[in-house]
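S.K.: Listed in order, the protein sequences are those of chains A and V. Residues 1 to 372 (the numbering used here) are what the first sequence spells out, left to right. Residues 1 to 372 (the numbering used here) are what the second sequence spells out, left to right.
2 protein chains.
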Amino acid sequence: MASCSLLLAACGNLKNSDLASNSTTTTSEAKKYETTSSTDGGYSVLLKKGVYKTSPISGLEATNYDNSVDESAMERGLIRVSKKVFSTKDYVIQEGQQLDEATVTNWLGRYSKSNKEGLNLKNNGKTGSTTRNPIILQQIMEEDFYVKSGSSYKLAGISISLGLNSVDYYTKTTDGAEYSTKISPAKRRAFGQKTANTIVSRLHAKTKLKNIPIMVGLFSKTDTDSLVGGTYFSYGTASANSSKISKWSSVNEKTQVLPTVDGASAVSASDKSKFTSFKDEIEDYFPNVSGVTATLRYYDGKLAYESIAITTQFYGYLQVQSFAQTVMSRAKKYLGTSSPVEITISSVNDTQAVVAKETATGSYRMHIYGGN
Amino acid sequence: MASCSLLLAACGNLKNSDLASNSTTTTSEAKKYETTSSTDGGYSVLLKKGVYKTSPISGLEATNYDNSVDESAMERGLIRVSKKVFSTKDYVIQEGQQLDEATVTNWLGRYSKSNKEGLNLKNNGKTGSTTRNPIILQQIMEEDFYVKSGSSYKLAGISISLGLNSVDYYTKTTDGAEYSTKISPAKRRAFGQKTANTIVSRLHAKTKLKNIPIMVGLFSKTDTDSLVGGTYFSYGTASANSSKISKWSSVNEKTQVLPTVDGASAVSASDKSKFTSFKDEIEDYFPNVSGVTATLRYYDGKLAYESIAITTQFYGYLQVQSFAQTVMSRAKKYLGTSSPVEITISSVNDTQAVVAKETATGSYRMHIYGGN
Chain A
1 MASCSLLLAA CGNLKNSDLA SNSTTTTSEA KKYETTSSTD GGYSVLLKKG
51 VYKTSPISGL EATNYDNSVD ESAMERGLIR VSKKVFSTKD YVIQEGQQLD
101 EATVTNWLGR YSKSNKEGLN LKNNGKTGST TRNPIILQQI MEEDFYVKSG
151 SSYKLAGISI SLGLNSVDYY TKTTDGAEYS TKISPAKRRA FGQKTANTIV
201 SRLHAKTKLK NIPIMVGLFS KTDTDSLVGG TYFSYGTASA NSSKISKWSS
251 VNEKTQVLPT VDGASAVSAS DKSKFTSFKD EIEDYFPNVS GVTATLRYYD
301 GKLAYESIAI TTQFYGYLQV QSFAQTVMSR AKKYLGTSSP VEITISSVND
351 TQAVVAKETA TGSYRMHIYG GN
Chain V
1 MASCSLLLAA CGNLKNSDLA SNSTTTTSEA KKYETTSSTD GGYSVLLKKG
51 VYKTSPISGL EATNYDNSVD ESAMERGLIR VSKKVFSTKD YVIQEGQQLD
101 EATVTNWLGR YSKSNKEGLN LKNNGKTGST TRNPIILQQI MEEDFYVKSG
151 SSYKLAGISI SLGLNSVDYY TKTTDGAEYS TKISPAKRRA FGQKTANTIV
201 SRLHAKTKLK NIPIMVGLFS KTDTDSLVGG TYFSYGTASA NSSKISKWSS
251 VNEKTQVLPT VDGASAVSAS DKSKFTSFKD EIEDYFPNVS GVTATLRYYD
301 GKLAYESIAI TTQFYGYLQV QSFAQTVMSR AKKYLGTSSP VEITISSVND
351 TQAVVAKETA TGSYRMHIYG GN
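1. Check whether the Cβ atoms of GLU132(V) and ASN120(V) lie closer than 8 Å to each other.
2. Can you tell which of ALA304(V), VAL341(V), PHE314(V) and ILE345(V) has its C-alpha closest to the C-alpha of ALA324(V)?
3. What ranges does the beta strand (DSSP E) occupy inside the region 304–367 of chain V, keeping only unbroken runs of at least 3 residues that lie completely in it?
4. Below 8 Å on the Cβ atoms is my contact criterion, and I expect LEU46(A) with THR54(A) to pass it. Report the Cβ-Cβ distance as a whole number of Å.
5. Just to confirm the assignment, what range does the beta strand (DSSP E) spanning ASP380(A) have?
6. So what does DSSP say about ASN22(V), is it helix, strand or coil?
7. Measure the C-alpha to C-alpha separation of ASP262(A) and PHE314(A) and round it to an integer number of angstroms.
8. Using the DSSP secondary-structure output, state which residues sit across from SER249(A) in a beta bridge.
9. In the DSSP output, what is THR131(A) paired with across the bridge?
10. Against ASN349(A), what residues of chain V qualify as contacts under a CB-to-CB distance less than 9 Å, listed in chain order?
11. Taking the beta strand (DSSP E) that GLN98(A) belongs to, which residues open and close that run?
12. Just to confirm, are ALA353(A) and TYR369(A) a CB contact at a threshold of 8 Å?
13. Are there 16 or more other CB atoms within 10 angstroms of the CB of GLY77(V), so buried, or fewer, so exposed?
14. Assess, as a yes-or-no matter, whether the region 305–320 of chain A is touched by the region 328–343 of chain A under the definition of 3 or more beta carbon pairs within less than 8 Å.
15. Helix or strand or just coil, what does DSSP make of ILE199(V)?
16. If you reduce the DSSP assignment to three classes, tell me which class VAL292(A) lands in.
17. Relative to the ligand PLP, is the shortest distance from any of its heavy atoms to the C-beta of LEU137(V) smaller than 7 Å?
18. TYR285(A): which of ASP271(A), GLY229(A), THR312(A) and SER82(A) sits nearest, CA to CA?
19. Please report the distance separating the alpha-carbon of LYS182(V) from that of GLY157(V).
20. Bridge partners of ILE158(A), per DSSP?
21. Can you tell me the Cβ-Cβ gap for SER273(A) and SER250(A), rounded? I've got them flagged as a contact below 8 Å.
22. Are GLY96(A) and ASP144(A) touching if we call contact CB-CB under 8 Å?
23. Name, please, each residue of chain A whose Cβ falls closer than 8 Å to the Cβ of PHE286(V).
24. Keeping to the same chain, check which residues put their C-beta closer than 7 Å to that of THR337(A); ignore five residues upstream and five downstream.
25. Give a yes or no on whether the minimum CB-CB distance between PRO340(A) and chain V is below 8 Å.
26. Name the DSSP bridge partner or partners of VAL45(V)?
27. Buried or exposed for SER161(V), please, with buried defined as at least 16 other CB atoms from any protein chain shown within 10 angstroms of its CB.
28. Bridge partners of LEU137(V), per DSSP?
29. Cβ closer than 7 Å: which chain A residues qualify as neighbours of VAL45(V)?
30. Indicate whether at least one CB of chain A lies closer than 8 Å to the CB of GLN421(V).
31. Contact criterion: CB-CB distance below 8 Å. Does ALA356(V) meet it with respect to chain A?
32. Alpha carbons only, please: which of GLY163(A), TYR334(A), GLY50(A) and GLY316(A) is nearest the one belonging to ALA73(V)?
33. At a CB-CB cut-off below 8 Å, which residues of chain V make contact with PHE314(A)?
34. Check each candidate in VAL267(V), LYS333(V), SER152(V) and ILE136(V) and name the one with the smallest Cα separation from THR63(V).
35. What are the start and end residues of the alpha helix (DSSP H) that includes THR224(A)?
36. Nearest CA to the CA of GLY41(A): which residue from ASP90(A), LYS48(A) and GLY59(A)?
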């Protein structure tokens with residue numbers, strides 16, 4: 001367990017750390033603690049000496065092939081799932097600081113004699129796509145949750161995300177052809193839950209962390225041909241001192257791109273129909289519209305976010321002004337009232353304008369880059 | 001005057017054209033005329049059969065070297081100057097349709113035996129940077145202004161912009177080294193005014209256009225080393241039937257990038273100081289901010305638009321949320337209240353967020369791409 005000492009060192013001693021007193025004022029020279037205000041329903045972010053603290057493990061991945069995870073979707077989802085466990089009213093958030101780079105590098109490796117910390121399955125010596133042991137755990141992400149304690153803040157919760165491959169891409173020789181091993185949903189789930197318990201027991205073995213609840217979310221990566229990022233499918237929380245997660249809850253997330261390809265059916269026929277009406281009118285109204293696509297995110301069966309990308313082959317100032325106006329009026333007319341909507345109007349190189357409503361019931365607003 | 005026939009053909013006969021009756025409704029199948037609503041203080045745009053009409057001369061340039069004009073600045077400025085002549089209350093706008101591609105291609109050429117329409121100076125056979133005749137007229141832009149006439153619209157004004165080089169880049173042999181000829185402000189002005197009169201007399205010689213007032217704006221391109229686009233310096237209007245512009249008015253436009261380089265002094269020390277305070281706090285608050293620059297546009301000595309670009313080396317969801325909040329609070333604290341402000345937060349590949357107030361006295365709003 002060589003990497004444990006690294007982990008301990010990284011955990012440090014919060015009481016003696018330079019995380020000390022202060023509030024949300026922004027001008028005191030002596031301040032060490034500070035939070036940035038949150039967006040609607042979001043967490044306030046805990047800064048350190050006025051500076052945003054980044055996680056030392058961000059970007060670490062198990063392999064360099066085509067397995068790379070959509071980190072933005074993974075992080076956004078982790079924070080969303082965390083809200084079910086750590087209330088945004090009581091907790092402030094900071095990017096994970098408990099796991100360090102050396103530890104996570106070991107954990108993302110295969111189990112072997114020289115890396116007994118490795119969480120991926122050992123190399124069984126086979127290279128056949130169905131006979132080898134695939135790399136399933138591709139990435140680990142951590143977020144920390146603090147509560148106010150007197151004039152300071154103390155760590156009170158940790159969320160861990162396990163980024164799990166649905167397809168593991170690999171080569172048989174260095175720079176050789178790329179092969180792939182599929183990982184079934186059942187296998188991914190079983191592996192994810194077992195690995196989550198291993199991580200929980202390792203973290204709760206540390207004196208400084210044993211009383212900290214740990215939430216683990218299981219994130220399923222899509223294959224590289226997919227147009228959409230991955231989604232969470234399960235999460236569970238280990239209470240203080242517990243070495244395992246006894247209850248797993250489902251997460252119902254779906255992402256869909258419209259128009260659908262290969263005759264795939266829409267998650268919601270109504271959302272699809274609204275988008276099609278919007279798209280048809282936009283394409284009729286202006287020449288040079290080369291693409292209109294939507295990405296829709298569904299949480300618990302409801303449309304939660306709709307993002308529409310319009311690509312044009314024009315650049316003119318008047319064209320963009322006029323087009324953005326039309327897009328806004330058609331969005332009001334056709335698009336749903338159940339989710340925030342983001343519409344970007346881009347030419348080949350630049351975003352020209354954004355038309356958006358930030359909440360389901362909000363008003364559309366428009367920003368045209370470069371002004372009048 | 002071979003190209004005149006082309007011009008005449010392009011002008012056509014408005015009464016007999018398929019530009020016919022109708023209003024701003026958007027659902028009638030029979031509609032041929034329609035306008036899109038305007039932004040604050042802007043023109044409504046005249047569509048044709050529901051479709052935005054692009055100008056056939058857009059993008060035409062006299063040379064292919066490094067002379068290319070910032071078309072967006074040229075068009076934005078032309079519309080701004082046009083407002084002094086054609087009120088946004090009385091006129092609707094359409095991209096120029098009176099000049100066609102063949103005509104403007106001839107006009108942008110040098111005067112020669114085979115191109116007597118050429119508006120650039122004839123080739124004097126010399127190649128020395130101070131002895132040759134430079135290409136001064138680089139680009140021509142047109143906007144048309146219509147007024148309502150019964151149930152239809154009729155052409156009632158034309159704005160022409162002449163994009164004039166301050167430096168003409170050229171080669172002595174095909175694919176050879178690039179040389180340049182500087183054109184003084186006085187020479188640019190004299191050439192621009194003379195050329196404007198030539199264009200006015202050519203257009204007013206057409207029966208269909210002789211009663212249409214023509215505004216001509218003179219746009220000065222900056223050299224390629226400049227960080228900012230060009231600006232207008234003069235404009236004048238030829239009344240109906242007039243063959244020349246008898247009075248020229250000055251346009252006072254300045255664009256400046258902050259921080260200034262090479263010890264250049266700021267247009268406004270106060271605006272510079274506000275930006276510096278904003279920049280310093282942003283850079284202190286977050287790691288990985290790799291650049292903060294501002295582009296300020298001054299019209300008639302007043303700050304009219306401030307655009308700030310923040311480049312970061314981070315991508316995380318939480319980082320962008322938190323950073324955008326901080327940027328917005330610092331913008332409110334430091335930046336001026338006399339102009340609209342646009343602040344983009346971008347990583348290497350993408351715009352991550354935009355924080356902006358659309359009017360001088362408006363509220364700041366923020367849009368984070370990708371949503372929650």
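Where is the CB? At the ideal position from N, CA and C, for every residue including glycine. None of these values were measured; they are calculated from a predicted model.
M.R.: Short version:
1. On the second sequence, position 132 is the one that residue 132(V) refers to. On the second sequence, position 120 is the one that residue 120(V) refers to. Note that residue 132(V) is Arg in the sequence shown here, rather than Glu. Cβ atoms of ARG132(V) and ASN120(V): not closer than 8 Å.
2. By 1-based counting over the second sequence, the position of residue 324(V) is 324. Out of ALA304(V), VAL341(V), PHE314(V) and ILE345(V), ILE345(V) has the C-alpha closest to the C-alpha of ALA324(V).
3. With a minimum length of 3 residues, the continuous beta strand (DSSP E) runs that stay inside the region 304–367 of chain V are 341–346 and 351–357.
4. Along the first sequence, one-based indexing puts residue 46(A) at 46. Along the first sequence, one-based indexing puts residue 54(A) at 54. That belief does not hold up - the Cβ atoms of LEU46(A) and THR54(A) are roughly 13 Å apart, past 8 Å.
5. This structure leaves residue 380(A) out entirely; chain A is present only between 1 and 372.
6. Taking the second sequence and counting its residues from 1, one reaches residue 22(V) at position 22. Low local confidence applies: a pLDDT of 29 at ASN22(V) is under 50, so the model's placement there is unreliable, and no value is given.
7. Your numbering for residue 262(A) matches position 262 in the first sequence. Your numbering for residue 314(A) matches position 314 in the first sequence. Using only the alpha carbons, I get a separation of about 30 Å.
8. As a position in the first sequence, residue 249(A) is number 249, starting the count at 1. According to DSSP, SER249(A) bridges with TYR235(A).
9. Stepping through the first sequence from its first residue, residue 131(A) is reached at position 131. According to DSSP, which records beta bridges pairwise, THR131(A) is partnered with nothing at all.
10. Against the first sequence, residue 349(A) aligns to sequence position 349. The premise fails here: ASN349(A) is roughly 11 Å from chain V at the closest Cβ pair, so nothing lies under 9 Å.
11. By 1-based counting over the first sequence, the position of residue 98(A) is 98. Neither: GLN98(A) is in no beta strand (DSSP E) and is coded neither H nor E.
12. Residue mapping note: residue 353(A) aligns to position 353 of the first sequence, counting from 1. Residue mapping note: residue 369(A) aligns to position 369 of the first sequence, counting from 1. Yes, they are a contact pair.
13. As a working note, residue 77(V) is residue 77 in the second sequence. The residue in question, GLY77(V), is buried, as its Cβ has 16 or more Cβ neighbours within 10 Å.
14. Taking 8 Å as the limit for Cβ pairs, the verdict is that the region 305–320 of chain A does touch the region 328–343 of chain A.
15. Counted from its first residue, the second sequence places residue 199(V) at position 199. Per DSSP, reduced to three states, the secondary structure at ILE199(V) is helical.
16. Translated into the one-based positions of the first sequence, residue 292(A) becomes position 292. The three-state secondary structure of VAL292(A), taken from DSSP, is strand.
17. Ligands in the displayed structure: none, and consequently the ligand PLP is not present.
18. In the first sequence, counting from the first residue as 1, residue 285(A) sits at position 285. Relative to the Cα of TYR285(A), the nearest Cα in the group ASP271(A), GLY229(A), THR312(A) and SER82(A) belongs to THR312(A).
19. Position 182 of the second sequence, counted from the first residue, corresponds to residue 182(V). Position 157 of the second sequence, counted from the first residue, corresponds to residue 157(V). Near 34 Å, if we compare the C-alpha coordinates of GLY157(V) and LYS182(V).
20. Numbered from 1 along the first sequence, position 158 holds the residue referred to as residue 158(A). According to DSSP, ILE158(A) bridges with ASP144(A) and ILE214(A).
21. Translated into positions along the first sequence, residue 273(A) becomes position 273. Translated into positions along the first sequence, residue 250(A) becomes position 250. At roughly 28 Å, the Cβ-Cβ gap does not stay under 8 Å, so SER273(A) and SER250(A) are not in contact.
22. Counted from its first residue, the first sequence places residue 96(A) at position 96. Counted from its first residue, the first sequence places residue 144(A) at position 144. Yes.
23. Walking along the second sequence from the start, residue 286(V) turns up at place 286. Identification of chain A residues near PHE286(V) by a Cβ-Cβ cut-off of 8 Å yields VAL51 and TYR52, ordered along the chain.
24. Counted from its first residue, the first sequence places residue 337(A) at position 337. Listed in chain order, the non-local C-beta contacts of THR337(A) below 7 Å within the same chain comprise ALA360 and THR361, local neighbours out to five positions each way being set aside.
25. Translated into the one-based positions of the first sequence, residue 340(A) becomes position 340. So yes, PRO340(A) belongs to the interface.
26. Within the second sequence, the letter at position 45 stands for residue 45(V). When DSSP reads this structure, VAL45(V) sits in a beta bridge with THR36(V) and ILE93(V).
27. Here residue 161(V) refers to the residue found at position 161 when the second sequence is read from its first residue. SER161(V) counts as buried, since at least 16 other C-beta atoms from the protein chains shown sit within 10 angstroms of its C-beta.
28. The sequence position of residue 137(V) within the second sequence is 137, counting from 1. LEU164(V), per the DSSP bridge assignment.
29. The residue labelled residue 45(V) in the question sits at position 45 within the second sequence. What VAL45(V) touches in chain A: LEU318 and SER322.
30. Examination of residue 421(V) is not possible in this model, given that chain V is present from 1 through 372 alone.
31. Within the second sequence, numbered from 1, the residue matching residue 356(V) stands at position 356. By this cut-off, ALA356(V) is an interface position.
32. In the second sequence, residue 73(V) corresponds to position 73, counting from 1. Residue GLY316(A) holds the alpha-carbon nearest to the alpha-carbon of ALA73(V) among GLY163(A), TYR334(A), GLY50(A) and GLY316(A).
33. Your numbering for residue 314(A) matches position 314 in the first sequence. Going along chain V in sequence order, the residues near PHE314(A) (Cβ under 8 Å) are THR54.
34. Translated into the one-based positions of the second sequence, residue 63(V) becomes position 63. Just measuring C-alpha positions, the residue of VAL267(V), LYS333(V), SER152(V) and ILE136(V) sitting nearest THR63(V) is ILE136(V).
35. Taking the first sequence and counting its residues from 1, the one referred to as residue 224(A) is at position 224. Taken as a continuous stretch (DSSP letters only), THR224(A) belongs to no alpha helix (DSSP H), as it is neither H nor E.
36. Along the first sequence, one-based indexing puts residue 41(A) at 41. With respect to the C-alpha of GLY41(A), the residue from ASP90(A), LYS48(A) and GLY59(A) having the closest C-alpha is ASP90(A).
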